[in-house]
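Numbering (this note's numbering), first residue to last: 166 to 617. Read through the structure below, which is laid out as structure tokens, and then see the notes.
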């Protein structure tokens, strides 16, 4: 059993690296399997993002799984199954493929949230996530059925051509659009469909939370681009204002509630809602052309890297009987674990959007298309929210470096694989903040299918 526990993460990561290498295998951009699947730059970009996040999630988990008695085989299998579902969403060219991908991604995440079966908080997180997730999937499926009823088609190209020829949206089309927006809004944790997020993230095991906070959100935005921007693109006049308002409410609501949190895990949960708003702002600016789509893709990648890293840093505090880390428990972290604290500080500074990190570049590339789309008020809201977020992100850094540790502060977890993984991720956050052009150009190329 010990040998298996040692070998499982190595086998998982090795397999994921092989899968990542296959992304760069040049395949002609075309539709396959009778039009149900499409391979293009968009597909390749998201496949790479999902696999990188899965590798990182697998790398930071082994010590936690052994310490808490979580079955490692099931854990790594769940991550891989969910990643396959997320990639299916990215390569979907049809409503049927998209829904299958969404459920293939989501169902393993329900199990992941409750994988620590002896922990009542983990069980509660799984039940809440499952019940609300099932409800949102039903709404999404109902919306897709309405869309099929209106257009008599399930493939995205035919749907887009039908709606373009129709000219204006009728009642059934608006109903379909509303139901799809609600269903995907839950998957992405858009306000007011975000209620599951804080409890699910707080109750789930910390490495599971790290993956849950980035993988499903990235997949949800892949679905939003495929369906709302792609298939329903001709209706942009009808929904662009709604998406802009939802973006403003989401980022503001997430940041305001995060300000009041003293538990770092819940703070990061609410801040992840705010980042959903930033990404949604770029979706609302889709009329600006490929720069808007590139902003969505670049921000999804940047958010995944820095948010997964921030949650993973909490593993230093994750001992039996503890639940995340309060601000007081972070006191003196900079002296007790210098390298871990430095990585955590880099992730938090990047989440704030301060140069020279990838988080700064991500916010910059979002604001530009928002301005180009004539949504100056939304750009102002983004800037104000970035300032608001700085208060609670930098407050954590202050506690780590400027407060002395209490006498009875819990001891820290020391685990080499975790430290190495966080070191690589924090280094990437800095390097890609200074040299972001290669990733951005790839995102720009991947956004071309959504240019009309």
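We put the CB at the ideal spot given by N, CA and C, even for glycine. Predicted model, so just to flag it, every value in this text is computed and none were measured.
Contact under 9 angstroms by Cβ, residue i with residue j
| i | j | result |
| --- | --- | --- |
| residue 565 | residue 509 | yes |
| residue 350 | residue 301 | yes |
| residue 299 | residue 278 | no |
| residue 195 | residue 387 | no |
| residue 433 | residue 496 | no |
| residue 363 | residue 435 | yes |
| residue 248 | residue 265 | no |
| residue 267 | residue 338 | no |
| residue 588 | residue 504 | yes |
| residue 548 | residue 532 | yes |
| residue 321 | residue 395 | yes |
| residue 430 | residue 481 | no |
| residue 225 | residue 516 | no |
| residue 514 | residue 558 | yes |
| residue 614 | residue 207 | yes |
| residue 223 | residue 241 | yes |
| residue 550 | residue 417 | yes |
| residue 393 | residue 424 | no |
| residue 460 | residue 303 | no |
| residue 520 | residue 456 | no |
| residue 270 | residue 384 | yes |
| residue 518 | residue 507 | no |
For residue j and residue i, the rounded distance between their alpha carbons
| i | j | result |
| --- | --- | --- |
| residue 324 | residue 606 | 29 angstroms |
| residue 283 | residue 272 | 20 angstroms |
| residue 570 | residue 197 | 59 angstroms |
| residue 311 | residue 297 | 21 angstroms |
| residue 405 | residue 450 | 8 angstroms |
| residue 276 | residue 243 | 8 angstroms |
| residue 486 | residue 522 | With a pLDDT of 49 at residue 486, under the threshold of 50, the predicted position of this residue should be treated as unreliable, though the coordinate-derived value follows. Roughly 35 angstroms separates the two Cα atoms. |
| residue 361 | residue 259 | 28 angstroms |
| residue 318 | residue 188 | 30 angstroms |
| residue 592 | residue 181 | 21 angstroms |
| residue 230 | residue 236 | 7 angstroms |
| residue 579 | residue 329 | 58 angstroms |
| residue 491 | residue 428 | 4 angstroms |
| residue 114 | residue 567 | Absent from the structure is residue 114, since the part of the chain shown begins at 166 and ends at 617. |
| residue 199 | residue 306 | 22 angstroms |
| residue 602 | residue 288 | 43 angstroms |
| residue 331 | residue 313 | 15 angstroms |
| residue 204 | residue 398 | 20 angstroms |
| residue 376 | residue 590 | 14 angstroms |
| residue 190 | residue 212 | 12 angstroms |
| residue 561 | residue 263 | 39 angstroms |
| residue 544 | residue 604 | 23 angstroms |
| residue 261 | residue 563 | 49 angstroms |
Under the three-state DSSP convention, the category residue i falls into
| i | result |
| --- | --- |
| residue 486 | Any reading at residue 486 must be qualified, since the residue scores a pLDDT of 49, below 50, and its modelled position is unreliable; the value itself is stated next. In the structure shown, residue 486 sits in coil (DSSP, three-state: anything other than H, G, I, E or B). |
| residue 160 | Nothing can be reported for residue 160, as the shown portion of the chain is limited to 166 through 617. |
| residue 244 | helix |
| residue 203 | strand |
| residue 420 | helix |
| residue 568 | coil |
| residue 320 | strand |
| residue 533 | helix |
| residue 428 | strand |
| residue 493 | helix |
| residue 331 | helix |
| residue 209 | helix |
| residue 257 | strand |
| residue 450 | coil |
| residue 396 | helix |
| residue 196 | strand |
| residue 356 | coil |
| residue 545 | helix |
| residue 581 | helix |
Presumed contact (8 angstroms Cβ cut-off) between residue i and residue j, rounded CB distance
| i | j | result |
| --- | --- | --- |
| residue 415 | residue 355 | 5 angstroms |
| residue 308 | residue 348 | 6 angstroms |
| residue 452 | residue 541 | With 8 angstroms as the limit, residue 452 and residue 541 do not qualify as a contact, their Cβ atoms being about 14 angstroms apart. |
| residue 458 | residue 214 | Incorrect: roughly 14 angstroms between the Cβ atoms, too far for contact. |
| residue 359 | residue 438 | 5 angstroms |
| residue 256 | residue 202 | 5 angstroms |
| residue 553 | residue 335 | Not really, about 40 angstroms apart at Cβ, beyond 8 angstroms. |
| residue 382 | residue 441 | 7 angstroms |
| residue 586 | residue 476 | So it is not a contact: roughly 12 angstroms between Cβ atoms. |
| residue 611 | residue 210 | 4 angstroms |
With contact counted as at least three CB pairs below 8 angstroms, one residue from each stretch, are the stretch 442 to 450 and the stretch 399 to 415 in contact?
yes
Evaluate the contact criterion for the stretch 518 to 526 versus the stretch 592 to 601: three or more CB pairs, one atom per stretch, below 8 angstroms.
yes
Tell me, please, whether the stretch 214 to 224 touches the stretch 173 to 185 by the rule of three or more beta-carbon pairs shorter than 8 angstroms.
yes
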